[in-house]
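Residue numbers (our numbering): 1 to 611. Presented below is the structure to which this report refers.
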RNA sequence: GCGCCCGUAGCUCAGUAGGAUAGAGCACCAGAUUCCUAAUCUGGGGGUCGUGAGUUCGAAUCUCGCCGGGCGCGCCA
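Encoded structure:
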């Protein structure tokens, strides 16, 4: 099967923007007509742009068609523009055409061209601007995948908001989306968590044993250990002397030491915790798994609860442990070996990623036989492909960027398509009240943030920045219930619209959508014209957000909608004596409310009926 | 040192598959409510798009150098 670039596919499909399609059809005819006049075949070029004009003096829509084809015709752009305009068919929706600047063709449209959007929105409702056909095919989006060794921090929150919104956007633009969370429940970090819980448990049993310096000292470790003690009593108690017998020392860090010395101390701490893990395994047997299961269950429950509160849901939680236990982690790698990409050296098993764009080859199985994180993750990605997803979209933190090349190399080796894996990196999040740090103890968790600022404000804040831009999260602003908070600006627009309809009902009147079409010609005010244009732009904004994997485009769009609504609201009354005019205006704001709901839903932000 | 990301108004940021005179919010200044929610609106000042070259009809956007910041360069995860 040939894999297309998703970006290319989305550009190639006809726009959902009716006015744009209309103009494109007109230009296509003009081009065909001009082409036969010239005796030279011409087609609509790839670089064709038909966009709403930024400056009202440039009309309503502008195209660069003449500029683009001028090169192949080897003629002056303005001359080509004049030729095209001469061959442009008449349209009742186009009142005037101008050639401007270096050769832009500007279209001035009849009011009807804008008014029609109201009917489209009202009849399509929640489907306006959307394509739920799934025609683009299947895509697997993996995001968050935070290690289950502690609470999620604000950086994970960004990935959660981004990944979830992107998944919603892709599903609304013709993709069959599957959302997955990869649980790293098989690695060394989980073992460190396990012995951390065990040591706390032993302390709780009265044993005198120091907490490992590389362990997780957080409160949640104590919570799990207390739960185990409550449920299992002293089942896992072992004498401290026996536990520590023969273990290396756990060296204390010396802040004044030079860098090599500190590295040595850190190495000693790592060696100690590893030895403690081995000791725990041998002394506890099956009990080790019980403690580990308890620790993982508690962490995953907390993570799920937080994500649930954040409105982030997954179709599947995929366990790394399950890959290992089923043996797939090893058999999947065998396929790479059959392809000749695997070799043995220095006792380890390597993948020849350097042949496929990586800087160097990578270890799959260490000299001690243990699988690397990379090997298991690779098996996971192979399983994704096996399950029938030709396109894999991974959302990772920016610190993983050096990891992309090796995973992509492996995917390329298996599929022959280096484009089968797409990785979107989340740049780092800093807090206005200081940096986050996982072991610092005073980091702000995602749960804290949601509790403080609420899901709507938190998600909107995250999505108001491009994901490849560093984000400075202003907690005070996010939690402030004031007009400074950008999410309220948008939500207030929706609430205002709802309020108008409540007022209407209080007056004993009703809005009749069926009467709207014949009344829309009354929408002639500048604010109405502007708002109509914004609503008409929604399908393209959604497309742009999908194609560029950029939910923030939609966040900016809803702000534009709110902006246009507020200006309109302040300039004109909607509940007026003239029934036709009132119907027209109510239809317009009803459509505005619908578009706000549609877009906010894709951002995961609520659209309140009152505030 | 090498690789990736970034540098746009006082602050936080859009705009980057090349398009016309580079935008928004906040902050600052001046105004608007007998009327559907003022969490709103209207107007104003504010810029060598880090910098120097190049590519072409046209560059914030593409290429190269330089300056500045972030991240990554493990048989860690």
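For every residue, glycine included, the Cβ atom is placed at its ideal position computed from N, Cα and C. All values derive from a computational prediction rather than experimental measurement.
With a threshold of 16 other beta carbon atoms within 10 Å, residue 277 meets it and is buried. Restricted to the stretch 443-522, the alpha helix (DSSP H) segments that are unbroken, complete and at least 4 residues in length are 446-453, 455-463, 475-479, 486-506, listed in chain order. Following the DSSP letters along the chain, one finds residue 574 in no beta strand (DSSP E), marked with neither H nor E. Per DSSP, residue 400 has no beta bridge partner at all. Between residue 125 and the set 145, 372, 490, 588, the nearest pair of CA atoms involves 588. Cβ-Cβ distances below 6 Å link residue 358 to 405, 406, 409 in the same chain, with the five nearest sequence neighbours on each side left out; the list follows chain order. Bounds of any alpha helix (DSSP H) do not take in residue 88, whose DSSP letter is neither H nor E. For residue 127 and residue 595, the gap between their C-alpha atoms comes out near 10 Å. In this structure, residue 148 places its C-beta atom within 9 Å of the C-beta atom of residue 190. The DSSP-derived three-state label of residue 426 is strand. By the neighbour-count definition (other C-beta atoms within 10 Å, threshold 16), residue 264 is an exposed residue. Residue burial is scored here from C-beta neighbours: residue 575 has fewer than 16 other C-beta atoms within 10 angstroms and is therefore classed as exposed. If you ignore the 5 residues before and after residue 430, its C-beta comes within less than 8 Å of the C-beta of 436, 470, 471, 472, 473, all in its own chain and listed in chain order. For residue 112, the closest alpha carbon among the candidates 529, 562, 238, 424 is that of 529.
Within the same chain, and ignoring the five residues on either side of residue 565 in sequence, the residues whose Cβ sits closer than 6 Å to its Cβ are 493, 592. For residue 602, the CB contacts under 7 Å within the same chain, skipping 5 residues up- and downstream, are 165, 168, 169, 172, 554 in chain order. For residue 393, the three-state secondary structure derived from DSSP is strand. The stretch 110-187 is shown to contain whole beta strand (DSSP E) runs of 3 or more residues at 137-142, 175-183, in chain order. Closest by C-alpha distance to residue 568, out of 533, 343, 551, is 533. Restricting attention to alpha helix (DSSP H) runs no shorter than 4 residues, the stretch 359-391 encloses them at 373-386, ordered along the chain. Comparing alpha carbon positions, the residue from 201, 243, 223, 540 closest to residue 298 is 223. For residue 220, the uninterrupted alpha helix (DSSP H) run begins and ends at 219-232, by DSSP. Among the bridge pairs identified by DSSP, residue 107 is matched with 61, 97. With distances taken between CA atoms, residue 251 lies nearest to 273 out of 334, 273, 86, 25. In the three-state DSSP reduction, residue 334 falls in the helix class (H, G or I). Ranked by Cα distance from residue 386, the options 139, 89, 258, 303 are led by 139.
Between residue 70 and residue 62, the gap from beta carbon to beta carbon reaches 9 Å or more. Note: residue 52 is bridge-paired with 61 in the DSSP secondary-structure output. If you draw a straight line from the Cα of residue 146 to the Cα of residue 25, it comes to about 49 Å.
At a Cβ-Cβ threshold of 9 Å, residue 85 and residue 30 count as neighbours. Judged by DSSP in its simplified three-state form, residue 249 adopts coil rather than helix or strand.
DSSP places residue 286 inside the alpha helix (DSSP H), whose first and last residues are 286-309. Distance from the CA of residue 572 to the CA of residue 475, rounded to the nearest whole angstrom, comes to 36 Å.
For the pair of segments examined, the stretch 458-468 was found to touch the stretch 154-165: the number of CB pairs separated by less than 8 Å reaches three. Under the DSSP assignment, residue 342 falls in the beta strand (DSSP E) whose first and last residues are 342-345. When beta bridges are read from the DSSP output, residue 316 appears opposite 180.
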